[in-house]
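Notes to accompany the following structure.
Residue numbers (this note's numbering), protein chains in the order written: chain R, 1 to 416; chain X, 1001 to 1375.
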């Protein structure tokens, strides 16, 4: 919502780096342009310039990324694929190749980290940087931003947009404004000039519901929010959100750039093509998600103690249930057993489900965890078996070895 | 019913009998303690699993019986002054008089009280202190997880003049052998007794010199029941069903290393180092020539390290244990010198006291499964 509104909103500052004063603007927001679609275009030159949509092709597929040629038809990410197809019938639809994107993302993050260690990735295709510590070495923030854009273009043949501002909130809005392939500096003195004309939906933390509340108060722009009595805002929206919006509306955002912290949780979800009520099918999907989650945990040398399942009914109402185990685990067997017990205890037996998810939290590194051996435990257990599966997958490709329960059915259930 | 009884022997007997009163009685009469006055006073309690019965000397005026709230009677007798106690029935009430104090208690219907299980046939006897000590050594390793009932028990195996007690929670296994005096020389029997009940029972029977053990033969009277009797107290316990793990094959007989450490400093050091080991984080031991290094905690947390003298015979070894399990074992070996025997860092280790005679074997073995470090 916010991005579309922003795209339409006029840029009150004009663009171009040299013109703006970047003193006191140490925060950079780097955002790759139409990342997945651009990677696909780069890999397959035949796609270049065509409307490219990356996303699930199934009946419930969702657009992950759309090239600017496709966006011209009104296609945007998070849109149902069926709608995107209607808007742009001649678009080339590519199913996502996450391995490719991770690789490119890692290379881009590497460029960012060569500027400063203070890099906070938000997702594969965007990150905040705090360049305060790099100014003496590399020059002014706007120069650093331009250099990042040049290097990403040279080394990855991809474009990105960069916002330069005093705070994360403003920097992110600035990069959105600069898109595609642009750079926008919002000088400290002109933050409010920049923010106040923007619609309230651009405020961080304002979703559909909060936007509705703000509209009821007659607040349409960030400027309206800035000049509205804070007490009333707090009364309408609650202490936390009300106070935060009042601060953000004046460009005050105390959040610091925190360099990448290890994952707090690892998990996987699957949306069924049509709602599924058969408990056996749901348990099989939980098994596949557990396998995927466990493999990711092992690849990251993490083990978790809290297992959470997410169950979404056909009407989108969602429940989550979690359980903390006595020991950390990275085996699909433990995760699946717990996930099934949680599913069975959730009271949704036989209820048609649209989506199921498995997540492992409370993570620790392998070095910090241990396993109490039991007398009746075989020398080589599930952990060893699953590690052997990992090795086979590295050598012969994913899915070389998988649980027998998943063998025949894999083709009809696509990864989530 | 009317009798006079010594205050201390009454208080002691009532307190012992009250241990078996159910906390939440399934039927109201089970909250009662049965008083039966004949030549002696017999006190009984029962919770369908465990029965307890004790007799006390009295001066009886009028024989009879009554059922009163056991909990209340226990509290009253505990706080009575040091004077003879007179107890008599008065219609549907019971009065307890002692010195200047007088209590009137309501009674429960005696005819509704269940018949206590019969004591199985006597199988033999053992010194009460030795028995309590042996049970204590073994019961620590019993499981507390009611979903695995078999592991909450102590296995008793009787073979001629040897009694073997064993229990395990899958992570450790404690085995103790002791000699006893069987009634018949060729006796052979097995039973699985709830560990907590057995430990409480053994401890509470140390007043007499000996404990008689009564175990029913298969198909005989009192099957599924074990009885203990000592110092005028007798108690029966229902046995647990199920197959206890075949534990003898789990006890390793060959080792690659053996270490001996002074028990008391070892216990102190384990407790100190374990201060930084959160629940579930292991204590790491590295044995090399002449010493053991104890460590706990990892890079992200508080850490502790301590070095102790240890006599090592065999390969250097690094091994990790749950510190609580290790301390349980060290507290149970009953020896100044602890002996640990190892095969490898992922195989069971055996903890014993160092036998007085170097070639001898210990009658108590505590098997400890290591903790495997994932890193």
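No residue lacks a Cβ here, since even glycine has one placed at the ideal position from N, Cα and C.
Contact of residue 1250 (chain X) with chain R by beta-carbon distance below 9 Å involves 375 and 376. In the DSSP assignment, residue 42 (chain R) falls within the alpha helix (DSSP H) that extends over 35-43. Within the stretch 1290-1326 of chain X, the complete beta strand (DSSP E) segments of 3 residues or longer fall at 1291-1296, 1304-1309, 1311-1314 and 1317-1321, listed in chain order. Secondary structure note for residue 367 (chain R): it is in no beta strand (DSSP E), with a DSSP letter that is neither H nor E. The C-alpha of residue 1133 (chain X) is placed about 16 Å away from the C-alpha of residue 1212 (chain X). Counting C-beta pairs closer than 8 Å gives three or more between the stretch 22-40 of chain R and the stretch 126-134 of chain R, which meets the contact rule. Where residue 340 (chain R) is concerned, the enclosing alpha helix (DSSP H) starts and stops at 332-345.
In this chain, the beta strand (DSSP E) harbouring residue 1089 (chain X) covers 1085-1090. Contact between residue 161 (chain R) and residue 141 (chain R) does not hold, since the beta-carbon distance rounds to 15 Å and is not under 8 Å. For the 8 Å CB-CB criterion, residue 1064 (chain X) and residue 1089 (chain X) form a contact.
Against chain X, the beta carbon of residue 371 (chain R) has neighbours under 7 Å at 1371, 1372 and 1374, listed in chain order. In this structure, residue 1259 (chain X) places its C-beta atom within 8 Å of the C-beta atom of residue 1292 (chain X).
Relative to the Cα of residue 155 (chain R), the nearest Cα in the group R:198, R:107, R:200 and R:190 belongs to R:107.
With a beta-carbon spacing of about 15 Å, residue 1180 (chain X) and residue 1138 (chain X) fall beyond the 8 Å limit used to define contacts. Following the DSSP letters along the chain, one finds residue 1198 (chain X) in no beta strand (DSSP E) but inside the alpha helix (DSSP H) bounded by residues 1195-1204. Annotation: residue 1344 (chain X) is outside any alpha helix (DSSP H) and is labelled neither H nor E by DSSP.
Apart from the 5 residues on each side of it in sequence, residue 1198 (chain X) sits with its Cβ closer than 6 Å to the Cβ of 1135 and 1154 in its chain, given in chain order.
By the beta-carbon neighbour count (other beta carbons within 10 angstroms, threshold 16), residue 356 (chain R) is buried. In the DSSP assignment, the residues bridged to residue 1159 (chain X) are X:1162 and X:1188.
DSSP places residue 304 (chain R) within a strand segment (E or B) once states are collapsed to three.
Residues of chain R whose Cβ lies closer than 7 Å to the Cβ of residue 1322 (chain X) are, in chain order, 372.
Chain X places a beta carbon closer than 8 Å to that of residue 303 (chain R), counting this residue as a contact. Contact with chain R is found for residue 1168 (chain X), since one of that chain's Cβ atoms lies less than 8 Å from the residue's Cβ. At the C-beta level, residue 1052 (chain X) and residue 1017 (chain X) come within 8 Å of one another.
Taking a Cβ-Cβ cut-off of 9 Å, the neighbours of residue 1348 (chain X) in chain R comprise 373 and 375, given in sequence order. Distance check between residue 59 (chain R) and each of R:83, R:281 and R:37 places R:83 closest, using alpha-carbon atoms only.
DSSP places residue 1230 (chain X) inside the beta strand (DSSP E), whose first and last residues are 1225-1230. At least 8 Å separates the CB of residue 1152 (chain X) from every CB of chain R. Chain R places a beta carbon closer than 8 Å to that of residue 1171 (chain X), counting this residue as a contact.
Of all residues in the stretch 1274-1288 of chain X, those with a C-beta nearer than 8 Å to a C-beta of chain R are 1280, 1281 and 1282, reading in chain order. Along the stretch 1227-1245 of chain X, the positions whose C-beta sits under 9 Å from a C-beta of chain R are 1245, read in chain order. With a cutoff of 8 Å on beta-carbon distance, residue 1353 (chain X) and residue 1172 (chain X) are scored as not near each other. For the 8 Å CB-CB criterion, residue 1281 (chain X) and residue 1269 (chain X) do not form a contact. A direct Cα-Cα distance of roughly 41 Å separates residue 319 (chain R) from residue 50 (chain R).
Comparing alpha carbon positions, the residue from R:164, R:123 and R:124 closest to residue 25 (chain R) is R:164. DSSP lists R:27 as the beta-bridge partner residues of residue 130 (chain R).
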